[in-house]
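Asks:
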Amino acid sequence: MHRRVQGTVTKKDKKEYVVKTRRGKEKVIKNPGRRRIGTRNDDEKRALSADAEASGELKAPRLPKRMCALLIGFCGSGYSGMQIQRDAKTIENALFDAMVRAGAVSQDNADDPVKVNIHRAARTDAGVHAAGNVVSLKMITSVPGVPDMTARINEELPPEIRLWGHELLAPQTHTCLISCRQCDSRKYTYFFPTYTLLPPKPSSGLYRVLTEHAASLTPTMTSPIVDHPFWAGGDAPTDDRADTARKRAWRVESAQLEQLRLTAQKYIATHNFHNFTVNGAFTDRSNQRFMKNIEIADPVVYGETEWISVLFHGQSFMMHQRKMMSALVLSCRTGTPPQIIDELYGPRDVFIPKMPALGLLLEEPLFDTYNSKVARANEKLTPENPDYRPPINFEAHREAMAAFKQTYVYDNMRLVEDRDGLFDAWIRMVDAYDGNDLLYLNPKGTIPSAAVVKDRHRDNAFKERRLFDATSFPEMKQSLEAEEEDDEVEVDKQMRLDTEG
């Protein structure tokens, strides 16, 4: 054991520590790793300790821990994202507490999740749902009197968070399987009402600036949004509620659906997604992303509203996928050619608003490389062999996951939209904008100088609202009370990378 020599450590020392080995020799260690503490607040620690003392768990014998992958699903409404945070309601906080109460995490480790080497395959933002995600940690898999640890943990979890199962990990991947680098790819789905594909209302600010800009490109050029049949005639209601009801009764035409699919194909392959994130520099190689596939399902009607789902399968994703959806929907509703997506990969910096968080769902992370390795290692083993390691996937849980998505994701999503008209409110916000930030939505599919936002003061910059980061009515109320507008937060590169997946 090394003993740290007494003395004051300053920046001038460059954080060098002199330690003595058992043989008495001095050794200089630069920038020693500091133990991460404080991921749990003091009240949580005291509460867990008190519960343990009352039940006598503190005196329980040590039980062996195994590195496992936990397959979970959750409804993110009301949660401040996936990752453990101090003084915040997060998915991992709830999961870790449930595991402590179930005995899967010992009281010695209950004060700090870092002790059990916790990692996750994909981090989700506040309010975002996941049908499948994977968390790895060292857990106690066998507790006397607990025949089914998965069922026991689920007893301690709230119903909106489910543990589908847990699997032992292969020894060589104990410390790093569930890092972002070990996850081969991820699948996300975004759901939205088809009426968001309707062009801007002729009386709106966006309609005016887009038609004026189209006319300035060439005297004979007319914006595709002019004279759309939905807005033709004088029978369009002026009341917002009646207007929304009329939009919900509208059905997307096959030609526009094909245009949506054609534009979505522009995302496939490797591209520079710097315009689809926050503070992303064109020259930063970390903004390169590989998109494997995109599938747009046929529209389906639920109640009065027609919905479309878009499945993204990518190696990794920039923050935010909601910007990708926004560029897709806004270009199609304004008749902008698909080539605008290619332009957005270029060096010019533009502003892309985020679509509502309500429609985003993490379907699952995939571990193809890991599964191939364990398959080779398992060739001469049976599942009963202690060295056998199962693949990390959700195949055995599809039925339970489908039922969970229906109850906690789809039904909730449609309820919020039917009751509050969230997507219509987002469209109204976009259409009310009469500045230059969205002038790249034009018949030529090019980015004009007036739409470039970097290193330039904008008198009429687009302002987003926190309302559209919410996925439930209480969250919306809090968002409106807290702040009506939401500027894109300045974040450093490391913070941005930490929130991507």
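Positions 1 to 501 (full-length UniProt numbering) are the ones given, in order, by the sequence shown.
For every residue, glycine included, the Cβ atom is placed at its ideal position computed from N, Cα and C.
1) What number of angstroms, rounded off, separates the C-alpha of A269 from the C-alpha of D298?
2) Helix, strand or coil: how does DSSP classify F96 here?
3) Would you check if there are 3 or more beta carbon pairs closer than 8 Å linking the region 84-96 to the region 154-168?
4) Alpha carbon to alpha carbon, how far is H228 from P199? Give it in angstroms, no decimals.
5) Is the beta carbon of A403 closer than 8 Å to that of W164?
6) Quick check on G421: does DSSP put it in helix, strand or coil?
7) Helix, strand or coil: which one does DSSP assign to H274?
8) P390 and E167 look like a contact to me (Cβ under 8 Å); what is the Cβ gap, rounded to whole Å?
9) Taking the CB atoms as reference points, tell me whether residue 523 and K187 lie closer together than 8 Å.
10) What runs of the beta strand (DSSP E), each 3 residues or longer, lie entirely inside the region 213-275?
11) According to DSSP, is T124 helix, strand or coil?
12) Where S309 and F192 are concerned, what is the direct C-alpha to C-alpha distance, given to the nearest angstrom?
13) Quick check on the burial criterion: 16 or more other C-beta atoms within 10 angstroms. Buried or exposed for D437?
14) Which stretch, first to last residue, makes up the beta strand (DSSP E) that contains M67?
15) May I have the straight-line CA-CA distance separating E253 from Y207, to the nearest angstrom?
16) Would you tell me roughly how many angstroms separate the C-alpha atoms of D112 and M149, rounded to the nearest one?
17) Specify, as a first and last residue, the run of the beta strand (DSSP E) that Q288 falls within.
18) How would you call Q259, buried or exposed, if buried means at least 16 neighbouring beta carbons within 10 angstroms?
19) One question on the structure: do residue 502 and G73 come within less than 8 Å of each other, judged by their Cβ atoms?
20) Look at the Cβ atom of F317, then the Cβ atom of C183, and state whether they are nearer than 8 Å.
21) If the criterion is Cβ atoms closer than 8 Å, does the pair C75 and N385 meet it?
22) Go ahead and pull the three-state DSSP assignment for N109.
23) Would T471 pass as a contact of A377 if the rule is Cβ separation under 8 Å?
24) Quick one: what does DSSP say T196 is sitting in, helix, strand or coil?
25) Does the Cβ of T218 have 16 or more other Cβ atoms within 10 Å, making it buried, or fewer, making it exposed?
26) If I measure Cβ to Cβ from E306 and keep anything under 6 Å in the same chain, skipping five residues before and after, which residues do I get?
27) Starting from N117, trace the alpha helix (DSSP H) in both directions and tell me its first and last residue.
28) Identify, in the order they occur along the chain, each residue of the same chain with its Cβ nearer than 6 Å to the Cβ of P338, setting aside the five sequence neighbours on each side.
29) Name the two residues that bound the continuous beta strand (DSSP E) containing E364.
30) Taking the alpha helix (DSSP H) that E155 falls in, what are its first and last residues?
31) Quick check: is the beta carbon of F96 nearer than 8 Å to any beta carbon in chain B?
32) A232: buried (16+ other C-beta within 10 angstroms of its C-beta) or exposed?
33) Under 8 Å between the Cβ atoms of V350 and A451?
34) Sort E304, L210, P147 and S216 by Cα distance to R246 and report the nearest one.
35) Mapping the DSSP letters down to three states, classify H322 as helix, strand or coil.
36) Since I believe L311 is in contact with A327 (beta carbons under 8 Å), could you give me their beta-carbon distance rounded to a whole number of angstroms?
Replies: This is what the structure gives:
1) 23 Å
2) helix
3) yes
4) 7 Å
5) no
6) DSSP places G421 in coil when its eight states are reduced to three.
7) helix
8) 5 Å
9) In the structure displayed, the chain extends from 1 to 501; residue 523 sits before or after that span and is not available.
10) You should have 269-272.
11) coil
12) C-alpha separation (whole angstroms): 7 Å.
13) buried
14) R66 to F74
15) 21 Å
16) 21 Å
17) Q288 to I296
18) Q259 comes out buried.
19) With the chain covering 1 to 501 only, the question about residue 502 has no answer from this structure.
20) No. Outside cutoff.
21) no
22) helix
23) no
24) Looking at T196 - three-state DSSP - the assignment turns out to be helix.
25) exposed
26) T194, R251 and P299
27) Taken as a continuous stretch (DSSP letters only), N117 belongs to no alpha helix (DSSP H), as it is neither H nor E.
28) L262, T263 and K266
29) L360 to L366
30) M149 to E156
31) Going by chain labels, chain B is absent from the structure shown, which holds only one protein chain.
32) Its Cβ having fewer than 16 others within 10 Å, A232 is exposed.
33) Contact flag set, yes.
34) E304
35) Note that residue 322 is Arg in the sequence shown here, rather than His. It is helical.
36) Contact doesn't hold; Cβ gap of about 17 Å is too wide.
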